[in-house]
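In my numbering, the protein residues as written are 1 to 364. We put the beta carbon where it would ideally sit given N, CA and C, even for glycine. These numbers come from a predicted model, not from an experiment. Remarks on the structure that follows.
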Amino acid sequence: MAKIRLDQLTKQFGDVVAVDDVTLEVADREFLTLLGPSGCGKTTTLNIIAGLETPTSGTVWFDEDEVTHVPPEQRDIAMVFQTYALYPHMKVFDNIAFGLRMRNVPKSDVGKRVLLAARTMDIEHLIQRKPRELSGGQRQRVALARAIVRDPRVFLLDEPLSNLDAQLRVIMRTELKRLHAELEKTFVYVTHDQAESLIMSDRIVVMKAGGIQQVGTPDEIYNQPTNTFVATFVGSPPINLLEGKLKRINESTGQVTGAGFTCEMNPLLMKRLSHSATTSVRLGIRPEDIEVGTVRTPTAQATVAVREPMGSDLYLTLDIEGRSIKARTRPDVRIDRGEVVPIYFDSNKLHLFDGETGRTLLEG
Ligand SMILES: Nc1ncnc2c1ncn2[C@@H]1O[C@H](COP(=O)(O)OP(=O)(O)OP(=O)(O)O)[C@@H](O)[C@H]1O
Ligand SMILES: [Mg+2]
């Protein structure tokens, strides 16, 4: 068992509040990701879980034990960093074995466990090499093998894939997910890559300026973002946000209108609409939820400004009365630059945010 609980955690470095009143529970065997832009406090939070930093206030719990002041080596955790932090003068075998030897594990066990970890990470054939004789991806596998070999109850990973090239990163994501499923251990993973967080996590914690913006499954974070920050941070190309005025026509119908567009709201959406909803709103629509060249009553007429073929998709930059939005369509759609096309915002996929605070106006 390894459940982790952070209770009202705050960490200040002088005037900087790196972590701001974070309360969070990580379930046993969960893959939880801390996601957010640079400087939002991800590493500091992870370091506090590891025991490498002491919080200014608040407590850390592993299962039913408070560990806030327990040193890292007594927490039964393994960390993997962005920089692999391998010993350059040691062979791969000895790099993986190092932690076991430090803990006086019997020699015969060390050999077995190192080989098993190397096999799990598919680097058995590399164990006699030095780190400098390895590629970036291979080095990261060694770093992971070194973490696995200790058989800790918690894995803490701080942007472990960000030094790899795009292709390797995609492979290693899958590997890490497989590893998590095999090991059945609690993983806390740090990244600023929203795609990575969506692909890998059981739950995502979106952070900004030291605080938590939203905690949820990838589906919740993507489809029910709690505010415009989460909505724009997650998803690529990002969600389109348009200033508009909300009008309730009756219980089950309503409209959002803005420069060059009129968007009808369906009864389901009206039901979710907060009673305190303001009239000044920001309408959110993801690129894939825009129907280009629609046969329905169009939300707007748009001019195609840029076409970006992506192989599997086509991205279109569309101008509506001087505002630019992005749509994602099938690659075989025949639309040229300069053409004016009717577009439709899927009313099941609309997001509505308060025009001032950016908070969602939709419930449930
Ligand atoms: N040892 C330190 N002394 C002073 N300020 C620090 C220290 N460590 C972190 N900070 C500050 O605390 C804030 C959070 O830093 P942290 O490293 O946790 O961010 P991060 O989310 O991991 O960012 P990145 O994605 O760039 O790694 C930043 O403003 C950073 O400058
Ligand atoms: Mg960091």
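Would the beta-carbon of residue i be found less than 6 angstroms away from any heavy atom of ligand 1?
{"i": "C40", "result": "yes"}
{"i": "A195", "result": "no"}
{"i": "A305", "result": "no"}
{"i": "V16", "result": "yes"}
{"i": "F13", "result": "yes"}
{"i": "H89", "result": "no"}
{"i": "H192", "result": "yes"}
If residue i sits next to residue j, beta carbons under 8 angstroms apart, how far is it from one beta carbon to the other, in whole angstroms?
{"i": "T451", "j": "F353", "result": "Outside the displayed range of the chain (1 to 364) lies residue 451, so it cannot be described from this structure."}
{"i": "L126", "j": "V92", "result": "5 angstroms"}
{"i": "G364", "j": "R282", "result": "Wrong, their Cβ atoms sit about 20 angstroms apart, outside the cutoff."}
{"i": "N240", "j": "I325", "result": "4 angstroms"}
{"i": "Y372", "j": "F98", "result": "With the chain covering only 1 through 364, there is no way to say anything about residue 372."}
{"i": "A259", "j": "E308", "result": "Incorrect: roughly 24 angstroms between the Cβ atoms, too far for contact."}
{"i": "L157", "j": "G136", "result": "Not confirmed; about 16 angstroms, so no contact."}
{"i": "L100", "j": "R113", "result": "6 angstroms"}
{"i": "L35", "j": "L24", "result": "That belief does not hold up - the Cβ atoms of L35 and L24 are roughly 13 angstroms apart, past 8 angstroms."}
When every heavy atom of ligand 3 is checked, does at least one fall within less than 6 angstroms of the C-beta of residue i?
{"i": "T45", "result": "In the structure shown, ligand 3 is absent; the only ligands present are ligand 1 and ligand 2."}
Quick check on residue i: buried or exposed, where buried means 16 or more other Cβ atoms within 10 Å of its Cβ?
{"i": "F261", "result": "buried"}
{"i": "R286", "result": "buried"}
{"i": "D122", "result": "exposed"}
{"i": "D65", "result": "exposed"}
{"i": "M1", "result": "exposed"}
{"i": "I171", "result": "exposed"}
{"i": "A78", "result": "buried"}
{"i": "N348", "result": "exposed"}
{"i": "G311", "result": "exposed"}
{"i": "L246", "result": "buried"}
{"i": "Q214", "result": "buried"}
{"i": "M265", "result": "buried"}
{"i": "V154", "result": "buried"}
{"i": "R150", "result": "buried"}
{"i": "L161", "result": "buried"}
{"i": "R146", "result": "buried"}
Stretch pair the stretch 7–17 + the stretch 47–58: three plus CB contacts closer than 8 angstroms
Verdict: yes, contact present.
Should the stretch 118–133 be called in touch with the stretch 30–45, which here means at least 3 C-beta pairs below 8 angstroms?
Three or more beta-carbon pairs separated by less than 8 angstroms are not found between the stretch 118–133 and the stretch 30–45, which leaves the two stretches without contact.
Is the number of C-beta pairs between the stretch 18–36 and the stretch 184–192 that are closer than 8 angstroms three or more?
Flag = yes, the stretch 18–36 and the stretch 184–192 touch.
Quick test of the definition: if touching needs 3 or more C-beta pairs under 8 angstroms, does the stretch 190–207 touch the stretch 132–141?
The stretch 190–207, when compared against the stretch 132–141, does not touch it at the 8 angstroms Cβ threshold.
Check whether the stretch 337–348 touches the stretch 294–307, taking contact to mean three or more Cβ pairs, one atom from each stretch, closer than 8 angstroms.
The stretch 337–348 vs the stretch 294–307: in contact.
Closer than 8 angstroms is the cut-off here; do at least three beta carbon pairs connect the stretch 201–221 with the stretch 158–173?
Contact between the stretch 201–221 and the stretch 158–173 is absent: fewer than three C-beta pairs spanning the two stretches fall below 8 angstroms.
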